[in-house]
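full-length UniProt numbering puts the sequence shown at residues 1 to 110.
Positions of the beta carbon are idealized from the N, C-alpha and C atoms, including for glycine.
Worksheet for the structure shown next.
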Amino acid sequence: MQDWKQTRKDINARLVQLNGLSPETMKGMASLGAAGAKTHYLDAKTRELISLAVAVTTRCDGCIAFHAAEAKKVGVTNEEVAEALGVAINMNAGAALVYSAHVLDAFDKA
């Protein structure tokens, strides 16, 4: 398994470097991250659970590292994480199922 604290530290160091090279990109990213929280339609726990599920489906280790830490800060439980991961697993399986239909269609039309 990974050292997630070290992963966050390493990514942060590179993001500081990227900020020096492309500050407008980093400002834009910060704006995107803050935009969803400003509406207050979803609470912080729900946003972090969604973030963790998406991190799984996109296979983003950095996203997992940062959002797992943030989820703990906002009071997400192990059980809530497990349920969100179940949704992510289902979405990946569902996507494979739907794309299987595309394969059958392409094969029939080949």
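Under the three-pair Cβ rule at 8 Å, the region 79–99 counts as touching the region 41–61.
Check the Cα spacing between D10 and each of G62, E24, E48 and P23: the tightest is with G62.
Taking a contact as a CB-CB distance under 8 Å, the pair A65 and W4 counts as one, their CB atoms being some 5 Å apart.
Contact between K45 and G75 holds: their C-beta atoms lie close to 6 Å from each other, under 8 Å. Scanning the UniProt domain "Carboxymuconolactone decarboxylase-like" (23–105) for uninterrupted alpha helix (DSSP H) segments of 4 residues or longer gives 23–39, 44–58 and 61–73, listed from N- to C-terminal end. In the structure shown, the three-state DSSP call for D3 is coil. Taking 8 Å as the upper bound for CB-CB distance, A69 and L49 are not in contact here, some 14 Å apart.
With contacts defined as CB atoms closer than 9 Å, L15 and M1 fail to qualify as a contacting pair.
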